[in-house]
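Here is the structure we will look at.
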Amino acid sequence: MRIGLIVNPVAGLGGAAGLKGSDGTEVQREALARGATARAGERAAAAVRALLAARPDATVVTVPGAMGEAAARAGGAEPELAALAPGEPSSAGDTRAAVRALAAVDVLLFAGGDGTARDVLDAGPGVPVLGIPAGVKVYSGCFAVGPAAAGLAAAEFAGSTTEAEVVDLDEQAYREGRVSPRLYGTLTVPAARVRLSGRKTGSTTAAPTTVEGIAREVVARMRPGVRYILGPGSTTRAVGRALGSEGTLLGVDVVADGVPIGIDVSERALLDLVDGHEVAAVVSVIGGQGFVLGRGNQQISPRVLARVHELTVLATREKLAALGGRPLLADTGDPATDARLGGYVRVVTGYRESVPYRIVPASEESVG
Amino acid sequence: MSATVESFAKLPIEAKPPLRRFHQARWDEPIIFELSSPGRRGIGVPEAGVPAVELPAAVRRQAPPALPEMSQLHVLRHYVRLSQETLGVDVNIAVGQGTCTMKYSPKVNDRFVSDTRIAELHPAQPEDSVQGVLEIYWRMERMLAEISGLHRVSLQPNSGSAAIYTNIAMIRAYHASRGEGEQRDQVITTMFSHPSNAACAKLAGYEVITLMPDAEGHPDIEALRAAVGPRTAALMITNPEDTGIYNPRIAEFVELVHGVGGLACYDQANANGILGITRAAEAGFDLCHFNLHKTFSTPHMCGGPAAGASGVAEKLVPFLPGPTVEFDGERYFLDADRPQSIGKVRPYLGVTQNVVRAYAWIMALGAEGLRQVAETAVLNNNYLQHKILQIRGASAPWGRRRLEQVRYSWEELYEETGVHSEDIGVRAADFGVHYWTSHHPYLVPEPFTLEPTESYSKEDLDEYAAILAHVAEEARTDPEFVKGAPYNSTVHKIDPTCLDDPEQWAPTWRAYVRKHLS
Numbered sequence: 363m364r365i366g367l368i369v370n371p372v373a374g375l376g377g378a379a380g381l382k383g384s385d386g387t388e389v390q391r392e393a394l395a396r397g398a399t400a401r402a403g404e405r406a407a408a409a410v411r412a413l414l415a416a417r418p419d420a421t422v423v424t425v426p427g428a429m430g431e432a433a434a435r436a437g438g439a440e441p442e443l444a445a446l447a448p449g450e451p452s453s454a455g456d457t458r459a460a461v462r463a464l465a466a467v468d469v470l471l472f473a474g475g476d477g478t479a480r481d482v483l484d485a486g487p488g489v490p491v492l493g494i495p496a497g498v499k500v501y502s503g504c505f506a507v508g509p510a511a512a513g514l515a516a517a518e519f520a521g522s523t524t525e526a527e528v529v530d531l532d533e534q535a536y537r538e539g540r541v542s543p544r545l546y547g548t549l550t551v552p553a554a555r556v557r558l559s560g561r562k563t564g565s566t567t568a569a570p571t572t573v574e575g576i577a578r579e580v581v582a583r584m585r586p587g588v589r590y591i592l593g594p595g596s597t598t599r600a601v602g603r604a605l606g607s608e609g610t611l612l613g614v615d616v617v618a619d620g621v622p623i624g625i626d627v628s629e630r631a632l633l634d635l636v637d638g639h640e641v642a643a644v645v646s647v648i649g650g651q652g653f654v655l656g657r658g659n660q661q662i663s664p665r666v667l668a669r670v671h672e673l674t675v676l677a678t679r680e681k682l683a684a685l686g687g688r689p690l691l692a693d694t695g696d697p698a699t700d701a702r703l704g705g706y707v708r709v710v711t712g713y714r715e716s717v718p719y720r721i722v723p724a725s726e727e728s729v730g
Numbered sequence: 212m213s214a215t216v217e218s219f220a221k222l223p224i225e226a227k228p229p230l231r232r233f234h235q236a237r238w239d240e241p242i243i244f245e246l247s248s249p250g251r252r253g254i255g256v257p258e259a260g261v262p263a264v265e266l267p268a269a270v271r272r273q274a275p276p277a278l279p280e281m282s283q284l285h286v287l288r289h290y291v292r293l294s295q296e297t298l299g300v301d302v303n304i305a306v307g308q309g310t311c312t313m314k315y316s317p318k319v320n321d322r323f324v325s326d327t328r329i330a331e332l333h334p335a336q337p338e339d340s341v342q343g344v345l346e347i348y349w350r351m352e353r354m355l356a357e358i359s360g361l362h363r364v365s366l367q368p369n370s371g372s373a374a375i376y377t378n379i380a381m382i383r384a385y386h387a388s389r390g391e392g393e394q395r396d397q398v399i400t401t402m403f404s405h406p407s408n409a410a411c412a413k414l415a416g417y418e419v420i421t422l423m424p425d426a427e428g429h430p431d432i433e434a435l436r437a438a439v440g441p442r443t444a445a446l447m448i449t450n451p452e453d454t455g456i457y458n459p460r461i462a463e464f465v466e467l468v469h470g471v472g473g474l475a476c477y478d479q480a481n482a483n484g485i486l487g488i489t490r491a492a493e494a495g496f497d498l499c500h501f502n503l504h505k506t507f508s509t510p511h512m513c514g515g516p517a518a519g520a521s522g523v524a525e526k527l528v529p530f531l532p533g534p535t536v537e538f539d540g541e542r543y544f545l546d547a548d549r550p551q552s553i554g555k556v557r558p559y560l561g562v563t564q565n566v567v568r569a570y571a572w573i574m575a576l577g578a579e580g581l582r583q584v585a586e587t588a589v590l591n592n593n594y595l596q597h598k599i600l601q602i603r604g605a606s607a608p609w610g611r612r613r614l615e616q617v618r619y620s621w622e623e624l625y626e627e628t629g630v631h632s633e634d635i636g637v638r639a640a641d642f643g644v645h646y647w648t649s650h651h652p653y654l655v656p657e658p659f660t661l662e663p664t665e666s667y668s669k670e671d672l673d674e675y676a677a678i679l680a681h682v683a684e685e686a687r688t689d690p691e692f693v694k695g696a697p698y699n700s701t702v703h704k705i706d707p708t709c710l711d712d713p714e715q716w717a718p719t720w721r722a723y724v725r726k727h728l729s
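Residue numbers (the numbering used here), protein chains in the order written: chain A, 363 to 730; chain P, 212 to 729.
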């Protein structure tokens with residue numbers, strides 16, 4: 363078994379320094395100036411220890427120096443090294459290059475946060491990946507709940523995979539007190555029970571069949587003549603797939619009578635497509651904070667929402683559980699629209715399964 | 212001779228350590244089908260003294276049954292070994308399987324059911340020859356009707372979940388009889404109700420609406436208001452829920468559902484904390500069910516057949532499964548002439564052995580005794596809660612007083628050590644006790660659910676709490692050691708993915724052969 367390892371040596375720097383993230387070299391320099399130490403290396407080493415304890419025969423393949431070799435050795439491995447010479451300090455480009463260089467592994471482990479996950483996503487890994495949580499922001503579903511869990515999940519990987527979302531917050535906005543998660547895409551991860559991160563709570567992950575069940579339920583309830591706006595997200599994309607079309611992961615699509623009539627549409631195009639029709643909007647929960655409107659789906663604007671007759675939210679029960687009792691949030695930019703949306707919304711959690719769940723204007727809920 | 216005895220008595224006997232040095236049997240025992248040897252037999256049946264009769268082709272098997280061929284000794288040894296590889300209720304302090312009400316099943320009740328007058332009954336015997344067992348069914352039904360306050364009870368269901376299914380089948384028949392079967396296609400339940408409610412409703416064709424808990428830990432009554440309507444067939448709810456929290460507004464929940472024409476069905480899986488204190492009828496419920504293997508002490512029987520009971524208000528009596536056991540003042544008889552009945556939910560009367568055990572248990576206790584059961588179960592739970600909350604890293608979300616069980620959380624311990632609740636449970640098995648987390652998904656982070664019932668002594672509860680305190684301390688000093696557990700158990704780590712993956716799971720040998728060996 364060959365396990366790839368990439369460490370983002372500066373991940374987590376900003377957290378200790380109270381900087382709410384480590385994106386950008388300026389922030390990293392500031393963090394170091396405040397006396398922060400990176401912890402990604404030691405967390406990666408803990409993952410390697412757990413991996414080797416469970417699979418002593420596993421070969422760790424990694425990058426020379428601080429981007430993996432040091433952590434692999436600290437974890438007790440004799441690593442195989444890729445022919446790379448990352449910069450000092452390393453950059454996002456080095457992470458992407460490492461992902462591409464480590465293509466011939468069974469599972470690729472990376473230590474970092476949501477920003478690192480985005481770099482891994484951008485590089486387009488051809489193998490299952492799993493994050494070792496070491497960053498300040500770890501909202502993406504592609505992380506294990508802890509370093510040892512990541513090592514074990516890699517050791518026990520037997521070919522079964524699922525998709526996990528990569529989300530990231532706008533750090534500048536976050537430093538200003540606003541939580542603004544955005545969905546960037548999905549990564550293929552090992553389908554290990556329990557060990558994947560349920561965001562900030564240690565809940566279990568849902569089986570891949572749950573998402574298919576949610577999609578079937580949405581499709582079964584579709585009525586002729588109604589224009590269905592499908593927001594971004596892997597759960598809403600599953601609805602498109604259930605109808606036989608690919609749709610977009612990050613954009614807004616429109617479906618009528620089972621056929622896509624708009625893919626990745628703008629607000630303007632959306633208004634044209636729904637004009638004069640009965641309209642239903644189907645959105646999913648973006649990030650761990652419970653946002654359903656106004657984050658990554660601004661195309662579904664107050665003007666569009668004014669024409670929506672029925673709003674349905676899609677979420678697995680695990681995702682609702684991970685909210686820890688907090689409500690869903692609407693932040694459309696228009697307080698009147700947010701207020702109108704307040705109350706109980708039908709959250710589809712599976713085929714013929716739903717949860718009436720509270721949705722409130724984001725301004726009424728302190729988050730962060 | 213006497214000198215030997217004396218010197219033996221003088222041998223120093225080392226004091227036992229505070230925690231048991233338990234080690235479970237590990238037999239590496241194959242599956243019974245793998246032990247089969249062609250031609251091996253348990254009984255050599257002698258030749259009949261009469262000429263063989265050719266069976267009609269219609270009743271003859273084409274191929275012999277695929278059953279293991281073994282001798283008696285090997286069958287006995289196989290099952291005794293398996294029994295040594297479990298942590299059954301007769302050997303461990305079984306307070307760790309919360310919601311399952313693992314109480315002592317009095318052994319004297321086993322003697323009643325092994326008595327030939329019960330053991331040799333045939334389910335198809337004529338009524339006149341089984342008046343005694345019919346009387347037990349009749350009297351047991353009347354007692355459960357009194358305990359629930361409902362009108363009649365069926366003891367036909369095979370298990371608790373079969374009783375819940377019986378209830379949803381009666382709900383469906385009731386609405387259909389009023390011409391509202393099509394319209395009422397939704398069943399409302401709660402996140403902390405017994406999950407069989409959602410499962411049975413779904414199996415019966417209903418859409419399931421689940422209410423999440425509010426900030427107090429009660430099911431969200433505002434969500435119920437948003438959910439009820441002309442499509443509501445029923446509310447199926449457990450109280451106290453699996454958190455151990457009793458919903459004080461339960462009568463309002465029932466009223467809201469009645470207000471839209473729905474029925475209210477009480478899952479009494481957690482009845483052990485309310486026996487003799489409150490009843491389903493007092494909150495206005497139309498139906499309820501009991502698990503005889505939980506509240507009424509019969510063995511759980513490895514997931515079936517245990518025994519269930521379905522209780523109904525008067526308006527639902529016509530829909531009870533049939534035939535019903537009736538009494539005309541002189542004679543007990545079966546009434547199969549019930550045109551609106553949902554029909555049989557199992558062959559014959561019910562799980563007679565467990566009905567007899569539960570009957571004996573109730574008769575031994577009486578009404579006062581039943582109330583004492585609930586009071587003792589609550590007292591035990593209060594004591595255990597007090598002990599558990601002294602362990603650093605353990606908490607009880609929502610912080611309120613519970614009835615007969617508590618869903619606790621190791622969230623603080625996990626954040627400090629990275630050790631999960633599952634890890635703690637596996638390590639607890641090294642000390643010879645069972646431990647359970649929670650149904651999924653985990654609403655309470657890093658959950659564990661303890662239900663001490665009335666059976667356990669103060670010393671038992673102290674021992675259980677001491678084991679958890681010890682493991683929590685181990686998690687702080689050596690988390691990897693806890694994660695590496697179990698060390699003294701029958702098996703080491705198992706891969707749980709086969710439980711979730713339809714391609715892998717194999718509940719029978721045939722499925723195992725089909726999916727993994729062919």
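For each residue, glycine too, the CB sits at the ideal point set by N, CA and C.
Only a predicted model underlies this, so the values are computations on that prediction, with no experimental measurement involved.
Name the two residues that bound the continuous alpha helix (DSSP H) containing P:C411.
S407 to L414
Whose Cβ in chain P lies nearer than 8 Å to the Cβ of A:Y501?
Result: empty, since nearest Cβ-Cβ is about 17 Å, beyond 8 Å.
Mind listing, in chain order, the continuous beta strand (DSSP E) runs of no fewer than 3 residues lying wholly within the region 528-552 of chain P?
535-538 and 543-546
Give the DSSP bridge partners of P:H727, in chain order.
None, per the DSSP bridge assignment.
Please determine if the region 610-630 of chain P and the region 452-466 of chain P are in contact, where contact requires at least 3 C-beta pairs separated by less than 8 Å.
yes
Going by Cα to Cα distance, which pick from P:Y723, P:A722 and P:D712 is closest to A:S522?
Taking only the C-alpha atoms, the option nearest A:S522 is P:D712.
Using DSSP's beta-bridge definition, name the partner residues of P:I420.
Per DSSP, A:S716 and P:I399.
How should P:I553 be labelled, buried or exposed, when 16 other C-beta atoms within 10 angstroms of its C-beta is the threshold for buried?
buried
Taking a cut of 8 Å between CB atoms, which residues from the region 708-730 of chain A lie near chain P?
Going along the region 708-730 of chain A in chain order, one finds T711, R714, E715, S716, V717, P718, Y719 and R720 with a Cβ nearer than 8 Å to chain P.
Which ranges would you report for the alpha helix (DSSP H) in the region 246-324 of chain P if only whole runs of at least 4 residues count?
283-295
Is A:N659 helix, strand or coil by DSSP?
coil
Starting from A:I494, trace the beta strand (DSSP E) both ways and give me its first and last residue.
V491 to P495
Spell out whether any CB of chain A is found under 8 Å from the CB atom of P:P652.
yes
Measuring straight from C-alpha to C-alpha, what distance separates P:T664 and P:N591?
7 Å
Please report the distance separating the alpha-carbon of P:R252 from that of P:H285.
Those two C-alpha atoms are separated by around 10 Å.
Below 8 Å CB to CB, which residues in the same chain sit around A:A447 once its five sequence neighbours on both sides are set aside?
P426
Enumerate in chain order the residues of its own chain whose CB-to-CB distance from A:A436 is below 6 Å, with the five nearest sequence positions on each side excluded.
A407
Helix, strand or coil: which one does DSSP assign to P:L498?
strand
Can you pull the chain A residues whose beta carbon is under 7 Å from the beta carbon of P:M313, in chain order?
By Cβ distance, chain A contributes nothing, its closest Cβ being about 24 Å from P:M313, past 7 Å.
With DSSP run on the structure shown, which of helix, strand or coil describes A:R544?
strand
According to the neighbour-count rule (16 or more other Cβ atoms, all chains shown, within 10 Å of its Cβ), is P:A537 buried or exposed?
The sequence shown places Glu at residue 537 of chain P, not Ala. The residue is exposed, with fewer than 16 neighbouring Cβ atoms inside 10 Å.
Would the region 674-688 of chain A and the region 703-716 of chain A be scored as touching if the rule is three or more Cβ pairs under 8 Å?
yes
Starting from the N-terminal side, write out each stretch of the beta strand (DSSP E) that is 3 residues or longer and does not extend beyond the region 449-491 of chain P.
The region 449-491 of chain P contains these whole beta strand (DSSP E) runs: 474-478.
By how many angstroms is the C-alpha of A:L612 removed from the C-alpha of P:A722?
41 Å
Hey, is A:R679's beta-carbon within less than 8 Å of any beta-carbon in chain P?
yes
Verify the CB distance criterion: does A:L682 have a CB-CB separation below 8 Å to chain P?
yes
Please state whether the Cβ-Cβ distance between A:E527 and A:L514 is less than 8 Å.
no
Report, in whole angstroms, the separation of the C-beta atoms of A:D476 and A:D530, which I expect to be a contact under 8 Å.
4 Å
Considering Cα atoms alone, identify which of A:V588, A:V645, A:D481 and A:R630 is closest to A:G620.
A:V588
Which residue from A:E388, A:A420, A:G430 and A:A415 puts its Cα closest to that of A:R405?
Per the Cα distances, A:G430.
Is the CB of A:S663 under 8 Å away from at least one CB in chain D?
Checking the listed chains, one finds no chain D in this structure; the protein chains it contains are A and P.
How big is the Cα-Cα spacing for A:I721 and A:A428?
Computed Cα separation, rounded: 45 Å.
Considering only C-alpha positions, which residue in the set P:H511, P:L422 and P:N378 is nearest to A:V717?
That would be P:L422, whose Cα lies nearest to the Cα of A:V717.
Beta carbons nearer than 7 Å to chain A: which residues of the region 410-421 of chain P have them?
K413, E418, V419, I420 and T421
Quick check: A:D700 and A:S663, are their CB atoms within less than 8 Å of each other?
no
Spell out the partners DSSP gives A:V617 in its beta bridges.
Paired residues: A:Y590 and A:P622.
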